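Colleague: Under my numbering, the first residue of the sequence shown is numbered 60, with each subsequent residue one higher.
Here a beta-carbon is modelled for each residue, glycine too, at the ideal position from N, C-alpha and C.
Owing to the predicted nature of the structure, the values given are computational and were not obtained by experimental measurement.
Provided herewith is a single structure, encoded as structure tokens, for subsequent inquiry.
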Amino acid sequence: MEKYTSISTYLKDQFGHKTIKLAIDGGFTCPNRDGSKGVGGCIFCSDTGSGEFASNIDEQIALYQDKWPDAYYLGYFQNHTNTYAPVSELREKYYKVLENPKIKGLVIGTRPDCLGDDVLDLLEEINKEHFMWVELGLQSIHEKTARFINRCYDQEVFDEALKKLQERNIKVVVHIILGLPGETKEDMLESVKYVADKGIFGIKLHLLNVVKGSRLEEEYSDYQPFESIEEYAKLVVGCLEVIPESVTIHRLTGDAPRKILISPPWSYKKRTILNTINEELKKSKTYQGRLYKK
Numbered sequence: 060m061e062k063y064t065s066i067s068t069y070l071k072d073q074f075g076h077k078t079i080k081l082a083i084d085g086g087f088t089c090p091n092r093d094g095s096k097g098v099g100g101c102i103f104c105s106d107t108g109s110g111e112f113a114s115n116i117d118e119q120i121a122l123y124q125d126k127w128p129d130a131y132y133l134g135y136f137q138n139h140t141n142t143y144a145p146v147s148e149l150r151e152k153y154y155k156v157l158e159n160p161k162i163k164g165l166v167i168g169t170r171p172d173c174l175g176d177d178v179l180d181l182l183e184e185i186n187k188e189h190f191m192w193v194e195l196g197l198q199s200i201h202e203k204t205a206r207f208i209n210r211c212y213d214q215e216v217f218d219e220a221l222k223k224l225q226e227r228n229i230k231v232v233v234h235i236i237l238g239l240p241g242e243t244k245e246d247m248l249e250s251v252k253y254v255a256d257k258g259i260f261g262i263k264l265h266l267l268n269v270v271k272g273s274r275l276e277e278e279y280s281d282y283q284p285f286e287s288i289e290e291y292a293k294l295v296v297g298c299l300e301v302i303p304e305s306v307t308i309h310r311l312t313g314d315a316p317r318k319i320l321i322s323p324p325w326s327y328k329k330r331t332i333l334n335t336i337n338e339e340l341k342k343s344k345t346y347q348g349r350l351y352k353k
């Protein structure tokens, strides 16, 4: 029995096959980079817009095909802000990916301040015909943190975007970063509790990585968000306990390529981190939703 509702299990149940996300660089930028909202991006973001693993779709499928010959795939628009362009351009890029017979749906990562009504109309159209979810980078509900990380939008903007997506029956996955400078364990749990109680489809818990090419490297290159894997695992377990079972878990850590990783030095050990989290769940005899209160 799983201790949490993993997205991999959900997708296997949904499609009857292992289903893999293929990271796509759609060539978009971000209003927090081009000057319309800010410059330099969020303080933790690398030059690639947190899309270090994006590459050609066919190349990615070829890598997976030997191990999972019957796998299905979702096109994941990951880099930067993937609704930040004219709707005509978005339509062309989204549907071009969907033309690939091996692609069974879309995942679109974006900012809540880049969801005008015309964009929402397009997303609703696609959602009616294809499997899809939209990912919103919230990171923290605390305004002090939001200003520090240069997020460049207020909490109310997120709340409104989430409401509009849900009114159109579009699944929403929310990103929360664990380990942002100045935040306590209680602060992080408050962010998780807040979004977990909003009827979201899924959540991503990211371990903060200090990476080369980010403003965090320039200003806080010696910052260490967690002292050890064990400390981080205990926090993640605490987060899982307050998330209802109905919410799919899409990520429990955050890994960056070793060539750009600065801190924490063990972040690239994804399998070790996940194993430690699972061990902590077993040792504590706990599970997702155990402490959730509506």
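(1) At which residue ranges does the segment 130-204 contain complete beta strand (DSSP E) runs of 3 or more residues, listed in the order of the chain?
(2) Candidates Lys318, Phe103, Lys96: which alpha carbon is nearest Asp213's?
(3) State buried or exposed for Gly108, treating a residue as buried only when at least 16 other CB atoms are found within 10 Å of its CB.
(4) Mapping DSSP to helix, strand and coil, what is Ala315?
(5) Could you tell me the alpha carbon to alpha carbon distance between Gly75 and Thr68, rounded to whole angstroms?
(6) Just curious, the beta strand (DSSP E) that Gly85 is in, first and last residue?
(7) For Ile336, name the three-state secondary structure that DSSP assigns.
(8) Over the uninterrupted beta strand (DSSP E) stretch that includes Lys222, give me the two end residues.
(9) Lys163 to Glu188, Cα distance in whole Å?
(10) I'd like the list of long-range same chain contacts for Gly85, defined as Cβ closer than 6 Å, with 5 residues on each side in sequence excluded.
(11) Quick check on this structure: which residue in Gly196, Glu202, Ile236 has the alpha carbon closest to the alpha carbon of Cys298?
Modeller: Here's the rundown:
(1) 131-136, 162-169, 190-198
(2) Within the sequence shown, residue 213 is the residue found at index 154, counting from 1. When only C-alpha atoms are compared, the closest one is Lys96.
(3) On the sequence shown, residue 108 is found 49 positions in, with the first residue counted as 1. Reliability fails at Gly108, whose pLDDT of 43 lies under 50, so the model's placement of it is uncertain and the value that follows must be treated cautiously. By the 10 Å Cβ count, Gly108 comes out buried.
(4) Within the sequence shown, the letter at position 256 stands for residue 315. It is coil, neither helix nor strand.
(5) As a working mapping, residue 75 is identified with position 16 in the sequence shown. As a working mapping, residue 68 is identified with position 9 in the sequence shown. The alpha-carbon atoms of Gly75 and Thr68 are separated by roughly 10 Å.
(6) Taking the first residue of the sequence shown as position 1, residue 85 is located at position 26. Run containing Gly85: none; DSSP gives neither H nor E here.
(7) Stepping through the sequence shown from its first residue, residue 336 is reached at position 277. Ile336: helix per DSSP, three-state reduction.
(8) Mapped onto the sequence shown, residue 222 falls at position 163. Segment 214-226 is the alpha helix (DSSP H) holding Lys222; no beta strand (DSSP E) there.
(9) Your numbering for residue 163 matches position 104 in the sequence shown. Your numbering for residue 188 matches position 129 in the sequence shown. Computed Cα separation, rounded: 11 Å.
(10) Reading the sequence shown from its first residue, position 26 is the one you call residue 85. Cβ neighbours of Gly85 beyond the five flanking positions: Phe136, Asn141, Lys152.
(11) Taking the sequence shown and counting its residues from 1, the one referred to as residue 298 is at position 239. Closest by alpha carbon: Ile236.
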